[in-house]
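Numbering (full-length UniProt numbering), first residue to last: 1 to 440.
Report on the structure given below.
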């Protein structure tokens, strides 16, 4: 059986009853939770060292953020490619492609450290971004078959699963250094060795377990026939995206919210290791602070999803914006090195990002028709990645010229857009309620 054969295979049972869809949904969430728990190590373990490795290879503090920026750009490009794969062959094939490409990128980052090539590190980092795009696709895969009033919780559960690997990842920095010495590669490349293995394991989980495909199943249920033909395309159908955004303001607001929240998070996070190292913080301490940040990003996701389901997407977005403002105030006033300001600020930065991301992602799933889902979701992730890439690139320049505090102040301007997006989403929810639809 080929990688995409579950799109047309006659032996795949066709789910024609609600209880069939519910059973497949439960299995889908379990598989995605397992894959996220393992694969998150691959994404987060290099966060604490990527900027330091880029600094060493380039010889410039101003270029320290370029590796993370390349990863974000790679994630944006991968979002476009994976959207086409998912549209034509389902979530499983798209997720597999992203995870395997990410593993290849991690391997290239190791080679870059060995031969001392900044250019190769940027290429590897860009390919590593495909794993980030796959993680984004996973959260959407969790809601393809979810009931409308449980979409926030289904999505947030998969996001929460990232906690296991994401918190463990940065704390494996010390172990990764030992592994690097044992195999004869630079110490700062050790995290990428572990990351490559973790991404391969995640790909194995998805490849074996994500059957039947949730997106293809949802399409079959909607079409009422097992013989519905798959969509064939190479990337995003921008005409479809424009139509959805032009007619559904809540979806447009959610796309803006995702982009701004992610740009704020990436810009501040990528410069934090450098800010701490300038004050003499050890690598293990930097890794601990990044772990606290990642804990805020993922650990409370189920609670965030519950808030988004019961209180509405708009109020959850507003909470996220308020938390991000507090986070930037603490991080921006922190001294160089380790302090409670930077640790608390990074935790709240992750928590605010969680509220914004879960609420906005669920709002996109709510407001987008099934036939346009992969296009709008892929376009949203692409915009999110490009915006964050610009933020990451500018972060190094701002910190190098004016300092970490000015970076936080500039990021606070983007948070204002989140309040506007929250207001639009609240109004859209109220309008749907007046028309007799579910307000979420």
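Where a beta carbon is used, it is the ideal one built from N, C-alpha and C, also for glycine.
| query | Between which two residues does the alpha helix (DSSP H) containing residue 388 stretch? | reply | Counting from 1 along the chain shown, the entry for residue 388 is found at position 388. Here the alpha helix (DSSP H) through residue 388 covers 373–401.
| said: Rounded to whole angstroms, what is the Cα-Cα separation between residue 57 and residue 408? | reply: In the chain shown, counting from the first residue as 1, residue 57 sits at position 57. In the chain shown, counting from the first residue as 1, residue 408 sits at position 408. In a straight line, the C-alpha of residue 57 is about 26 angstroms away from that of residue 408.
| query | From what residue to what residue does the alpha helix (DSSP H) around residue 342 run? | reply | As a position in the chain shown, residue 342 is number 342, starting the count at 1. Boundaries of the alpha helix (DSSP H) around residue 342: 340–367.
| Would residue 258 pass as a contact of residue 293 if the rule is Cβ separation under 8 angstroms? | Start at 1 with the first residue of the chain shown, and residue 258 comes out as number 258. Start at 1 with the first residue of the chain shown, and residue 293 comes out as number 293. Taking 8 angstroms as the Cβ cut-off, residue 258 and residue 293 do not qualify as a contacting pair.
| query | Are the beta-carbon atoms of residue 289 and residue 342 separated by less than 8 angstroms? | reply | By one-based count along the chain shown, residue 289 stands at place 289. By one-based count along the chain shown, residue 342 stands at place 342. In contact: residue 289 and residue 342 (Cβ atoms closer than 8 angstroms).
| query | So, residue 368 versus residue 376, is the Cβ gap smaller than 8 angstroms? | reply | To locate residue 368, count along the chain shown from 1; it is residue 368. To locate residue 376, count along the chain shown from 1; it is residue 376. Their beta carbons are under 8 angstroms apart, which means residue 368 touches residue 376 by this criterion.
| message | Check for me: the alpha helix (DSSP H) holding residue 148 runs from which residue to which? | response | Translated into positions along the chain shown, residue 148 becomes position 148. Where residue 148 is concerned, there is no enclosing alpha helix (DSSP H), given that its DSSP letter is neither H nor E.
| Going by alpha carbons, who is nearest to residue 157 out of 178, 176 and 135? | Translated into positions along the chain shown, residue 157 becomes position 157. The candidate whose alpha carbon is nearest that of residue 157 is 135.
| field | the region 81–101 contacting the region 204–216, beta-carbon criterion three pairs below 8 angstroms | value | Output reads yes: the region 204–216 touches the region 81–101.
| Relative to the alpha-carbon of residue 105, which residue among 123, 253, 172 and 378 has its alpha-carbon at the smallest distance? | One-based indexing of the chain shown puts residue 105 at position 105. Closest in C-alpha terms to residue 105, from the list 123, 253, 172 and 378, comes 123.
| What is the rounded straight-line gap between the Cα of residue 314 and the Cα of residue 148? | As a first step, residue 314 must be located in the chain shown, where it is residue number 314. As a first step, residue 148 must be located in the chain shown, where it is residue number 148. Distance between the alpha carbons of residue 314 and residue 148: 16 angstroms.
| task | Would you list, in sequence order, the uninterrupted alpha helix (DSSP H) runs of no fewer than 4 residues that lie entirely inside the region 261–293? | result | The DSSP assignment places no complete run of the alpha helix (DSSP H) inside the region 261–293 (cut-off: 4 residues).
| Around the C-beta of residue 248, are 16 or more other C-beta atoms found within 10 angstroms, so that it is buried, or is it exposed? | For the purposes of this step, residue 248 is taken as the residue at position 248 of the chain shown. So residue 248 counts as buried.
| message | For residue 403, which residues in the same chain have their Cβ closer than 6 angstroms to its Cβ, ignoring the five residues on either side in sequence? | response | Locating residue 403 in the chain shown gives position 403, where the first residue counts as 1. Nothing listed; no residue qualifies.
| field | Pair within 8 angstroms by beta-carbon distance, residue 120 and residue 128 | value | On the chain shown, residue 120 is found 120 positions in, with the first residue counted as 1. On the chain shown, residue 128 is found 128 positions in, with the first residue counted as 1. Cβ distance not < 8 angstroms, so residue 120 and residue 128 don't count as in contact.
| message | Which same chain residues end up closer than 6 angstroms to residue 192 when comparing Cβ atoms and leaving out the 5 residues on each side of it in sequence? | response | Indexing the chain shown from 1 puts residue 192 at position 192. Closer than 6 angstroms at the Cβ level, and outside the excluded window around residue 192, lie 46, 106, 109 and 110.
| Which two residues bound the contiguous alpha helix (DSSP H) that contains residue 192? | Stepping through the chain shown from its first residue, residue 192 is reached at position 192. Counting along the chain, residue 192 sits inside the alpha helix (DSSP H) bounded by residues 190–209.
| request: Would you kindly report the start and end of the unbroken alpha helix (DSSP H) that includes residue 243? | output: Along the chain shown, read from residue 1 onward, the residue named residue 243 stands at position 243. Its alpha helix (DSSP H) spans residues 238–247.
| request: Can you grab the Cα-Cα spacing for the pair residue 150 / residue 188, in whole Å? | output: Residue 150 sits at position 150 when you count from the first residue of the chain shown. Residue 188 sits at position 188 when you count from the first residue of the chain shown. Taking C-alpha positions only, residue 150 is separated from residue 188 by approximately 42 angstroms.
| For residue 172, which of helix, strand or coil comes out of DSSP? | Sequence index remark: in the chain shown, residue 172 carries index 172 (1-based). The three-state secondary structure of residue 172, taken from DSSP, is coil.
| message | Which of the three DSSP states is assigned to residue 186 in this structure? | response | The residue labelled residue 186 in the question sits at position 186 within the chain shown. Here residue 186 sits in coil by DSSP.
| query | In angstroms, rounded to a whole number, what distance separates the CA positions of residue 260 and residue 49? | reply | Taking the first residue of the chain shown as position 1, residue 260 is located at position 260. Taking the first residue of the chain shown as position 1, residue 49 is located at position 49. The C-alpha of residue 49 is placed about 25 angstroms away from the C-alpha of residue 260.
| query | Is it true that the CB of residue 75 sits closer than 8 angstroms to the CB of residue 132? | reply | As a position in the chain shown, residue 132 is number 132, starting the count at 1. As a position in the chain shown, residue 75 is number 75, starting the count at 1. Going by C-beta atoms, residue 132 is nearer than 8 angstroms to residue 75.
| said: How far does the alpha helix (DSSP H) with residue 326 in it extend, from its first residue to its last? | reply: Position 326 of the chain shown, counting from 1, holds the residue named residue 326. First-last of the alpha helix (DSSP H) with residue 326: 313–332.
| message | Give me the residue from 365, 394, 391 and 390 with the minimum Cα distance to residue 380. | response | By one-based count along the chain shown, residue 380 stands at place 380. When only C-alpha atoms are compared, the closest one is 365.
| query | Between which two residues does the alpha helix (DSSP H) carrying residue 75 extend? | reply | As a first step, residue 75 must be located in the chain shown, where it is residue number 75. Per DSSP, residue 75 belongs to the alpha helix (DSSP H) from 66–89.
| request: To the nearest angstrom, report how far apart residue 275 and residue 331 are at their CA atoms. | output: Residue mapping note: residue 275 aligns to position 275 of the chain shown, counting from 1. Residue mapping note: residue 331 aligns to position 331 of the chain shown, counting from 1. So the alpha carbons of these two residues sit roughly 10 angstroms apart.
| request: Using a threshold of 8 angstroms, state whether the C-beta atoms of residue 316 and residue 307 are closer than that. | output: Your numbering for residue 316 matches position 316 in the chain shown. Your numbering for residue 307 matches position 307 in the chain shown. Their beta carbons are under 8 angstroms apart, which means residue 316 touches residue 307 by this criterion.
| task | Can you say whether residue 67 is buried or exposed, counting buried as having 16 or more other CB atoms within 10 angstroms of its CB? | result | Residue mapping note: residue 67 aligns to position 67 of the chain shown, counting from 1. Buried, because 16 or more other Cβ atoms sit within 10 Å of the Cβ of residue 67.
| task | State the DSSP-derived secondary structure class of residue 299, mapped to helix, strand or coil. | result | Taking the chain shown and counting its residues from 1, one reaches residue 299 at position 299. Coil at residue 299, not helix or strand.
| query | If you check the beta carbons only, do residue 162 and residue 355 fall under 8 angstroms apart? | reply | Against the chain shown, residue 162 aligns to sequence position 162. Against the chain shown, residue 355 aligns to sequence position 355. Note that the C-beta distance between residue 162 and residue 355 is not below 8 angstroms.
| task | Out of 54, 97 and 141, point me to the one whose CA is closest to residue 116's CA. | result | Counting from 1 along the chain shown, the entry for residue 116 is found at position 116. Ranking 54, 97 and 141 by Cα distance to residue 116 puts 54 first.
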